[in-house]
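Beneath this line is the structure, given in structure tokens, with notes to follow.
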Amino acid sequence: MTIKYLMKDLYKQPEVLFYLRTHPEWYKVLNRHPDLYKNFIKLAKEELKLTFSHKLDRFKNQVQLLSLIAEYMKH
Numbered sequence: 082m083t084i085k086y087l088m089k090d091l092y093k094q095p096e097v098l099f100y101l102r103t104h105p106e107w108y109k110v111l112n113r114h115p116d117l118y119k120n121f122i123k124l125a126k127e128e129l130k131l132t133f134s135h136k137l138d139r140f141k142n143q144v145q146l147l148s149l150i151a152e153y154m155k156h
């Protein structure tokens, strides 16, 4: 992967770009080893809780909240 490709891909993902900006050590790592980009994306999404399992948990929590509100409204 080239640096240009990495930058284009990063600008398509604002959350991951935010992670890069808050963890500047990754600039040096990715510049020297662009092959670690997939590892960086995985780590960033894990720490920012953007993985599918995190999204599923948030959805489950929202459904539980709505069911509690509906239950409360019945009484």
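With the first letter of the sequence shown counted as 1, position 49 gets the number 130 in my numbering; the numbers rise by one all the way through.
Beta carbons are placed, not taken as given, at the ideal position from N, Cα and C, and that holds for glycine.
In this text, all values refer to a predicted model and were calculated from it rather than measured experimentally.
Per DSSP, the continuous alpha helix (DSSP H) segment holding threonine 103 begins and ends at 95 to 103.
Here phenylalanine 121 is buried, its C-beta having at least 16 other C-beta atoms within 10 Å.
When the Cα atoms are used, lysine 119 and lysine 136 turn out to be separated by approximately 20 angstroms.
Excluding sequence positions up to five before and after asparagine 112, its CB lies less than 6 angstroms from no other CB in the same chain. In terms of Cα proximity to glutamate 106, the closest of Pro95, Lys85, Ala125 and Ser134 is Ala125. For aspartate 90, the enclosing alpha helix (DSSP H) begins and ends at 84 to 92.
Burial check for tyrosine 100: the Cβ neighbour count within 10 Å reaches 16 or more, so the residue is buried.
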